[in-house]
Structures are given as structure tokens and as C-alpha cells.
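Following: one structure in C-alpha cells, then a few remarks.
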Amino acid sequence: MPSLEQRKRPAACGTGFNVRLWCNTDPCGIVCAIISWFLVLYAECTVVGVVVYPWMGLSPLGLLHIVIFTGLCFLALVSHGKAMMTDPGAVPESALPLALANASKDEIARLEEQRYRTCRRCRQFKPGRAHHCSICDRCVIKMDHHCPWVNNCVGLGNHKFFLLFIFYVFVLSAYALTLVFFRYAKCINESCPTYGAIRVVCLILEAVLFGLFTMCMMCDQYSVITTGTTQIDRLKGESADNLGLREVFGGSDCKFSLHWLLPVNIWFPT
């Protein structure tokens, strides 16, 4: 639990109170985040430099594949960065129950005598559906889980960015496997150049592994969105009101909008 001095002294980055930049300093999470970026960039370099360019060169179709794959890699990395550097919904130090926040001074004195839910570790007010993360050392509203690959909790504040990251990784995996298949399908009946063969094999293994992993994650997250209950809620047997896609992606209704696919902050029209 952060000390009183740590709470009052603003830090440049971290997950504590009054930090200027939200960033988890957990060593394991930092390593996993670096690996995530390396794997995406490896796929980009291999697909462009070993698969597409030697196959199609700078023809219109080759350029189209290069632009699309590079654009998807860019969106995946930006989504990962936003998921990692965005406050997932940590409860502020000054948070109070609505009854206290909207009460007059006389009512506050009376209400403070009543007990309200507090976190045993933070010693702070703990709203409903907030859960304490032992790695971030903060209570996070609608915490789904702590993901080492984005080095952050997945909660109300960054759920959209996490979903976009796993979605784009899945699309990249499927796209890479498709390009590799059509590039080397003819090699069954005729010889093909062996340049970069090891890199292509590693790309296939990476695409299959993370394609299956992200597909399973998306199926699980579909259940989270449609039921409105996070993984922790399910473990505790809790239920909640479901606001559907709008709560995760923002907007005025649940109709699809282009900003759902972009790693931009969610917004709700007034």
C-alpha cells in the first residue's frame, strides 16, 4: 500500500495516486510488452520483406498488400500503447460515495459516521464492481483481468483499446497466413527460392499461436460485453446491468461507427 508521502508527492509515471503518466513499472509486464511489440514488428518485416516484395515487387497489388498490412500493424501497436498507458479506471484517492459527494456539510458529518465499503489494501472508498489489482496496487472499476501483454489492468477506462489490440493481432495473423499460403502453395509441385525460409516458418508458428490465442480471447470478451459481467464478476457470481457495446466503444447508440475501429478515446454525446 502506498505511504502517505508517496500519495502526496506526484511521480512522473506509475500506477499510484497523483502520477503524471499512467505506466505500470512491473518488470515482467515491461518484458511482455516489449515482446508484444517485437512480434508485431517481426511479422511486419517478414511479410513485407520476405513474402510480399520478393513475390509481387512494387506492383499495384504488392503495394496494396504492403500498405494494408503496415496499416494494420500500426493500428495494433497504437492500440497496444493506448491499452498500456491509459488509466484503466483506478479509483481516485478523493473518491467518495455519492451520498457523501452530494451532501451538505451537516449531512456529511452524519453520513461519515456510517460505514461504507473500503478496500482492505488501499484503505480507500471502494465503489461497486471495483476490484483491487495486486500488481497495479490500485482498485480498478470494472476490472476484467490484469494482462501482462499490455502491462496493465483491463478495466472501464481501457477496455476498448485492449479489444482493438487483440482484434488487430487476430486480423494480422489471418492475413499473414493467407499471404504465406498463396505465396508458397505452388511450391508443392515446383521448387521455390529458400531465401528467408526460417523466418517464414517462425512467422507461421507465430501467426497460428497468436491467432488461436486472440480468437479465444475475443470469444471470451464477447461474453463480457454481451452479459456486462467481467471475468472477476463471474468468479464471484455477481451480475450487473448490461449497457452493451456503447459502454465499451462510446457513441450515442449501439450502432456501428467508424471510431469503434480506431484507437481513439471513447466519447459520449451530451
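Per full-length UniProt numbering, residue 1 is the first one in the sequence shown, and the count goes up by one each step.
Ideal Cβ positions, reconstructed from N, Cα and C, are used throughout, including at glycine.
Hey, out of the options, whose CA is closest to residue i's CA?
{"i": "T214", "options": "D220, I166 and T230", "result": "I166"}
{"i": "Y175", "options": "F161, T46, R138 and T227", "result": "T46"}
{"i": "V150", "options": "K142, V19 and C136", "result": "C136"}
{"i": "G16", "options": "V40, R138 and P88", "result": "R138"}
{"i": "C216", "options": "V200, I198 and F170", "result": "F170"}
{"i": "I141", "options": "V19, D87 and T227", "result": "D87"}
{"i": "Q221", "options": "G155, V67, L75 and C187", "result": "G155"}
{"i": "L209", "options": "W22, N18, D26 and A43", "result": "A43"}
{"i": "E247", "options": "R123, G211 and N265", "result": "N265"}
{"i": "I35", "options": "L58, R20 and E206", "result": "E206"}
{"i": "I225", "options": "M143, Q124 and H80", "result": "M143"}
{"i": "G89", "options": "G57, F69 and K126", "result": "K126"}
{"i": "L75", "options": "G250, W37 and C23", "result": "W37"}
{"i": "C147", "options": "F249, G250, I30 and Q124", "result": "I30"}
{"i": "L177", "options": "L212, L63, H145 and N18", "result": "L212"}
{"i": "residue 318", "options": "Q124, G14 and N18", "result": "With the chain represented from 1 up to 270, any question about residue 318 goes unanswered, as that position is not in the structure."}
Since residue i and residue j are thought to touch, with beta carbons under 8 Å apart, how far apart are those beta carbons, to the nearest angstrom?
{"i": "L172", "j": "H65", "result": "Contact doesn't hold; Cβ gap of about 12 Å is too wide."}
{"i": "C133", "j": "C153", "result": "5 Å"}
{"i": "A33", "j": "M84", "result": "6 Å"}
{"i": "V200", "j": "V40", "result": "Not a contact, Cβ separation roughly 17 Å."}
{"i": "L54", "j": "Y184", "result": "Per the sequence shown, residue 54 should be read as Pro rather than Leu. Incorrect: roughly 11 Å between the Cβ atoms, too far for contact."}
{"i": "H131", "j": "I232", "result": "5 Å"}
Starting from residue i, trace the beta strand (DSSP E) both ways and give me its first and last residue.
{"i": "residue 276", "result": "In the structure as shown, the chain starts at 1 and stops at 270, and residue 276 therefore has no counterpart that could be examined."}
{"i": "V154", "result": "N152 to V154"}
Does DSSP classify residue i as helix, strand or coil?
{"i": "I141", "result": "strand"}
{"i": "A90", "result": "strand"}
{"i": "C136", "result": "coil"}
{"i": "G57", "result": "coil"}
{"i": "G16", "result": "coil"}
{"i": "G118", "result": "According to the sequence provided, residue 118 is Thr. The question's Gly does not apply to it. Strand, per DSSP."}
{"i": "W267", "result": "coil"}
{"i": "E113", "result": "Here the model assigns E113 a pLDDT of 45, short of 50, so the residue's position is not dependable and the matter cannot be decided."}
How would you call residue i, buried or exposed, if buried means at least 16 neighbouring beta carbons within 10 angstroms?
{"i": "L164", "result": "buried"}
{"i": "N189", "result": "exposed"}
{"i": "Q114", "result": "Residue confidence for Q114 is low, a pLDDT of 47 falling below 50, so the modelled location carries little weight; the figure read from the coordinates is stated next. Q114 comes out exposed."}
{"i": "Y168", "result": "buried"}
{"i": "L161", "result": "The sequence given here has Phe at residue 161, not Leu. Buried, by the Cβ-count rule."}
{"i": "F256", "result": "exposed"}
{"i": "P60", "result": "exposed"}
{"i": "R129", "result": "buried"}
{"i": "H157", "result": "A small correction: the amino acid at residue 157 is Gly; His does not occupy that position in the sequence shown. Its Cβ being crowded by 16 or more others within 10 Å, G157 is buried."}
{"i": "T230", "result": "buried"}
{"i": "C28", "result": "exposed"}
{"i": "K82", "result": "buried"}
{"i": "residue 331", "result": "Here the chain has residues from 1 to 270 only, and residue 331 is not among them."}
{"i": "V91", "result": "buried"}
{"i": "V203", "result": "The amino acid occupying residue 203 in the given sequence is Leu; Val does not appear at that position. Counting Cβ neighbours within 10 Å, L203 comes out buried, since at least 16 surround it."}
{"i": "G49", "result": "exposed"}
{"i": "C73", "result": "buried"}
{"i": "F69", "result": "buried"}
{"i": "W267", "result": "exposed"}
How would you write the range of the alpha helix (DSSP H) that residue i sits in, first residue to last?
{"i": "C202", "result": "A197 to T227"}
{"i": "S257", "result": "Element bounds for S257: n/a, residue is neither H nor E."}
{"i": "K186", "result": "Element bounds for K186: n/a, residue is neither H nor E."}
{"i": "I66", "result": "P60 to M85"}
{"i": "R246", "result": "L245 to F249"}
{"i": "residue 292", "result": "As shown, the chain starts at 1 and ends at 270. That puts residue 292 outside it, with no answer to give."}
{"i": "P27", "result": "P27 to T46"}
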